[in-house]
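Below is one structure; the comments refer to it alone.
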Amino acid sequence: MSMMKKPEVVKKVHSFIRRVKENNNQVGKIPRSILLNYNNVCNFKCDFCFSAEETNEHIKCALDFDTIRDLANQADRLGIWEIVLTGGELLVDLEKLYSLIEAFGPERFQMILISNGYLMTKEIAVELEKRGLDCVGISLSGMDEEEHNRSRGGVKDAHKRALAALDYVNEAGMAAWPNLIFGHHNSKSPDLYAALDYAKEKGYTTYFMMAMPFGAWKDNIMDAEDMKILNDIRKKYDCCFDTWDMYDRKKEKITGCWTVNRTYITPLGDVLVCPYMNIKIGNILEQPLKEILDYGFSIKHFGGYSAVCLSAHNRQFRKKFLPEEGNIFQPYDAKELFKEEDYLEDGVRSDVEK
Numbered sequence: 130m131s132m133m134k135k136p137e138v139v140k141k142v143h144s145f146i147r148r149v150k151e152n153n154n155q156v157g158k159i160p161r162s163i164l165l166n167y168n169n170v171c172n173f174k175c176d177f178c179f180s181a182e183e184t185n186e187h188i189k190c191a192l193d194f195d196t197i198r199d200l201a202n203q204a205d206r207l208g209i210w211e212i213v214l215t216g217g218e219l220l221v222d223l224e225k226l227y228s229l230i231e232a233f234g235p236e237r238f239q240m241i242l243i244s245n246g247y248l249m250t251k252e253i254a255v256e257l258e259k260r261g262l263d264c265v266g267i268s269l270s271g272m273d274e275e276e277h278n279r280s281r282g283g284v285k286d287a288h289k290r291a292l293a294a295l296d297y298v299n300e301a302g303m304a305a306w307p308n309l310i311f312g313h314h315n316s317k318s319p320d321l322y323a324a325l326d327y328a329k330e331k332g333y334t335t336y337f338m339m340a341m342p343f344g345a346w347k348d349n350i351m352d353a354e355d356m357k358i359l360n361d362i363r364k365k366y367d368c369c370f371d372t373w374d375m376y377d378r379k380k381e382k383i384t385g386c387w388t389v390n391r392t393y394i395t396p397l398g399d400v401l402v403c404p405y406m407n408i409k410i411g412n413i414l415e416q417p418l419k420e421i422l423d424y425g426f427s428i429k430h431f432g433g434y435s436a437v438c439l440s441a442h443n444r445q446f447r448k449k450f451l452p453e454e455g456n457i458f459q460p461y462d463a464k465e466l467f468k469e470e471d472y473l474e475d476g477v478r479s480d481v482e483k
């Protein structure tokens, strides 16, 4: 389903764009989206997975649908217009995925699914579209089939099925996004450009994810040349990245890092400031969403403007506040992590450590 066929979503998107423009074209403290990790069950073991847990202690954890319905209602009232569903791999249990989409009230949000694509079929894609899904992002390493399969635990035909999944999604009337990782390791790689050219030929929008400097990519530090290459790619291809102004036809403007503007909610209900920063600002089972977001935005690193991705490109921030990578089930508590000087003047809390 196209987001443009959802009047409630269109209205919220227009409001979001207007507020960003009124805020000097900066995303500021304007909520945009929620990325929900419903469950960590997965059929792959990817080298680069940021949500994997070695012990699988929380593999069965998931929020109940009543909690998710309440979360959706709160998000709608706050003007949030985009819901991103991820895991794990949610296509492993279709009935739960269908119930999850329904629980959000898909007519109120742009609904996006992130998947490895291995279990996608034509029939499933058609059913997902009927149930209100708008877009599916399929993880793709490039056009090197052997490397794609290797980095996903050696799963046979993983690459072929990912490409087929993009076709099924597109044919069903949804937006098909190849999700490509960009980093120092591949900024000059012919394979990256082969994937970009493939997406261009197919008419797909490429969604970039940065190689975060922890875990499998701990030594993958992007430099100024890499950033220039990324900007050149932005000009030449139909692609998007979180800090970019998605409506700038000249492809030059930066609205800023989405930290807290797009929160990441774990299967335990913990609200993290970003999918790639294990920093907890609250829990939806204990607090209203607005209270959690207000607190997150009171931290100057998140409520203020950053032209670069804090997690991928701000080495000083990561070195100071995220010396250990941790995992999504054992995040840093923001109230313990940040001191008084880390809060905005209009949002300093009295209970933080000094």
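Residues in the sequence shown are numbered from 130 upward in steps of one, following my numbering. We treat Cβ as the ideally placed atom computed from N, Cα and C, and that holds for glycine.
Rounded to whole angstroms, the separation of the alpha carbons of Ile163 and Gln445 is 26 Å. The bridge partners DSSP lists for Thr184 come to none. The alpha-carbon of Leu207 is positioned some 43 Å away from that of Lys285. A direct Cα-to-Cα measurement between Asp399 and Lys189 gives close to 16 Å. A residue is called buried once 16 or more other Cβ atoms fall within 10 Å of its Cβ, and Met339 is buried on that count.
Beyond the five residues adjoining it in sequence on each side, Ile358 comes within less than 8 Å, by CB distance, of Ser316, Lys317 in the same chain, given in chain order. Counting only residues of its own chain and dropping the five nearest sequence neighbours on each side, Asp355 has a CB closer than 7 Å to the CB of His313, Ser316. DSSP places Lys347 outside both helix and strand once states are collapsed to three, so it counts as coil. If you look at Val139, you'll find it in the alpha helix (DSSP H) that goes 136–151. Taking Ala301 as reference, the option from Glu224, Ala254, Tyr333, Ala294 with the minimal CA-CA separation is Ala254. Here Pro460 is actually not in contact with Leu418; their C-beta atoms are around 17 Å apart, not less than 8 Å.
For Lys251, the uninterrupted alpha helix (DSSP H) segment begins and ends at 251–259.
Secondary structure at Glu211: strand, using DSSP grouped into helix, strand and coil. Under the rule that a run must span 4 or more residues, the alpha helix (DSSP H) segments found entirely inside the stretch 260–301 read 274–279, 287–300. Shown here for Ala291: same chain residues with a beta carbon closer than 6 Å to its own, the five before and five after excluded, namely Gly246, Ile267, Leu269 in chain order. For Ser131, the number of other beta carbons within 10 angstroms of its own is below 16, and it is reported as exposed. Ile310 and Glu453 have their C-alpha atoms roughly 22 Å apart. The three-state reading of DSSP puts Thr384 in coil, since its state is none of H, G, I, E or B. In terms of Cβ geometry, Leu325 and Thr335 form a close pair [threshold 8 Å]. Asn166 and Glu218 do not touch by the CB rule: their CB atoms are close to 11 Å apart, not below 8 Å. A residue is called buried when at least 16 other Cβ atoms come within 10 angstroms of its Cβ; Asp377 does not meet this threshold and is exposed. Ranked by how close their Cα comes to the Cα of Lys331, the residues Tyr297, Asp193, Asp205, Glu415 have Tyr297 in first place. Ranked by Cα distance from Val170, the first of Phe177, Ala181, Arg161, Gln239 is Ala181. Closest in alpha carbon position to Thr384, among Asp371, Arg391, Ala201, is Asp371.
The alpha helix (DSSP H) runs lying completely inside the stretch 445–478 and spanning 4 residues or more are 463–466, given in chain order.
With respect to the C-alpha of Glu211, the residue from Lys259, Asp273, Gly271, Lys141 having the closest C-alpha is Lys141. For Pro307, DSSP records a beta bridge to Ile267. Under the three-state reduction of DSSP output, Gln239 falls in the strand class. Annotation for Leu248: no alpha helix (DSSP H) segment contains it, and DSSP assigns it neither H nor E. Taken atom to atom, the span from the alpha-carbon of Asn152 to that of Phe431 is near 15 Å. The beta carbon of Gln203 lies closer than 6 Å to those of Leu418 in the same chain, with the five residues before and after it left out. If you check the CB distance, Asn278 and Ala287 come in under 8 Å.
The beta-bridge partner set that DSSP reports for Leu165 consists of Leu214, Ile394.
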